[in-house]
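**Student:**
In the working numbering, the protein residues as written are 665 to 748.
1) Out of 712, 741, 732 and 669, which has the shortest C-alpha to C-alpha gap to residue 719?
2) Using the rule of at least 16 other Cβ atoms within 10 Å of the residue's Cβ for burial, across every protein chain shown, is residue 680 buried or exposed?
3) Assign residue 676 to buried or exposed, taking buried as 16 or more other Cβ atoms, counted over all protein chains shown, within 10 Å of its Cβ.
4) Taking Cβ positions, are residue 693 and residue 716 nearer each other than 8 Å?
5) Return the chain-ordered list of same chain residues with a C-beta closer than 6 Å to the C-beta of residue 671, the five sequence neighbours on each side being excluded.
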């Protein structure tokens with residue numbers, strides 16, 4: 665499993681292509697990867713979590729986990745900006 669945190673789309677996409685070709689599962693922090701696999705490519709496809717940035721990506725994942733753990737029915741997440 666790898667984590668991609670590159671600063672631009674071009675290098676991020678090249679790295680994703682390399683990871684897919686190497687059967688390496690990856691998490692991409694930058695943004696969504698806009699390529700759907702062809703039907704013949706789906707067998708043995710690696711795991712690719714893309715667009716998992718800090719907000720809304722990681723905030724949604726951690727909030728969801730928190731809701732499950734405490735069995736809450738709702739929650740409020742305040743993300744973005746600099747705390748004042």
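All C-beta atoms in this analysis are idealised placements derived from N, C-alpha and C, irrespective of residue type, glycine included.
Because the structure is a prediction, the values reported are computed rather than measured.
**Tutor:** Reading from the atomic positions:
1) One-based indexing of the chain shown puts residue 719 at position 55. Of the candidates 712, 741, 732 and 669, the one whose C-alpha sits nearest the C-alpha of residue 719 is 741.
2) Translated into positions along the chain shown, residue 680 becomes position 16. The residue is buried, with at least 16 neighbouring Cβ atoms inside 10 Å.
3) In the chain shown, counting from the first residue as 1, residue 676 sits at position 12. Residue 676 is buried by the Cβ-count criterion.
4) The residue labelled residue 693 in the question sits at position 29 within the chain shown. The residue labelled residue 716 in the question sits at position 52 within the chain shown. For residue 693 and residue 716, yes; Cβs fall inside 8 Å.
5) Here residue 671 corresponds to residue number 7 of the chain shown, with the count starting at 1. Hits under 6 Å: none found.
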